[in-house]
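Residues are numbered in this note's numbering as their position in the sequence shown, beginning at 1, plus a constant of 18. Ideal Cβ positions, reconstructed from N, Cα and C, are used throughout, including at glycine. Just so it is clear, the structure is predicted and the values come from calculations on it, not from any experiment.
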Amino acid sequence: MTTTTGLGELTGDYVIDAARTRIGFVGRHRMATRVRGWFDAFEGGAYLDGDDPSKSDAELTIQAASVRTGDRRRDAHLRGRFLDADAHPVITFASTGVVRAGEVFRVTGDLTIRGVTRPVTVDFRLTGAGDDPEGGFRVGFAGGVTIDRDDWGVNGNAVTGVLISGKVTLQLEVSVVRRLGAT
19 MTTTTGLGEL TGDYVIDAAR TRIGFVGRHR MATRVRGWFD AFEGGAYLDG
69 DDPSKSDAEL TIQAASVRTG DRRRDAHLRG RFLDADAHPV ITFASTGVVR
119 AGEVFRVTGD LTIRGVTRPV TVDFRLTGAG DDPEGGFRVG FAGGVTIDRD
169 DWGVNGNAVT GVLISGKVTL QLEVSVVRRL GAT
């Protein structure tokens, strides 16, 4: 993939390439370890305006039941007590604003988990852009934000509240492909 020379080249409608995107999280266990996980099923898109990033927007829908940590019992616990995936099958993010701050794009939006919607701001960096071998135009971003899971009611029970930190870092490595005919 070739890096573009100007942000104006990025303008267009995009769809997330799920095969090349990773939506993950890291939580600290009070026993001095970290629990890392990711989601396998998600979709979304964006409109990027390279000349005026404030006109850009993005949306993401994650299937809550697709959470994975590498431990089936923990995954079941996360799907059940923490995310309540049966009652709240999706986690969503819809941007409400984009601001460029040097090399960082601050994307503010509404994050909904377990039916609770709160604003968050995710700082993204452009990781690359250009034509890909399949003939499409691709843009990559990496970013993250630390949230307090208790703000969304993602707390399990009293025991897990003591054993697992309330702070969770969401990590996003996003690859989007320009929709055909969109410039």
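Closer than 6 Å by C-beta to residue i: which residues in its own chain qualify, once you throw out the five before and the five after it? Chain order, please.
| i | result |
| --- | --- |
| V6 | Beyond the ends of the chain as shown, which are 19 and 201, falls residue 6; an answer cannot be given. |
| A59 | Q81 and S84 |
| G127 | F111, A112, S113 and T114 |
Distance, Cα to Cα, residue i vs residue j?
| i | j | result |
| --- | --- | --- |
| T135 | P151 | 39 Å |
| A36 | E77 | 14 Å |
| P107 | R118 | 33 Å |
| G26 | S72 | 13 Å |
| T114 | L188 | 18 Å |
| R101 | T29 | Residue identity check: residue 101 is Leu in the sequence provided, not Arg. Spanning the two alpha carbons is a distance of roughly 35 Å. |
| G68 | A147 | 12 Å |
| A64 | G171 | 28 Å |
| G154 | N173 | 42 Å |
| A103 | H95 | 10 Å |
| L66 | D93 | 34 Å |
| D169 | R52 | 20 Å |
| R99 | T79 | 20 Å |
So what does residue i bridge to, in DSSP terms?
| i | result |
| --- | --- |
| R54 | V44 |
| A119 | V122 |
| S193 | G158 |
Would a C-beta distance cut-off of 9 Å place residue i and residue j closer than the cut-off?
| i | j | result |
| --- | --- | --- |
| V186 | R156 | no |
So residue i packs on residue j, CB below 8 Å; how close in whole Å?
| i | j | result |
| --- | --- | --- |
| I41 | F57 | 5 Å |
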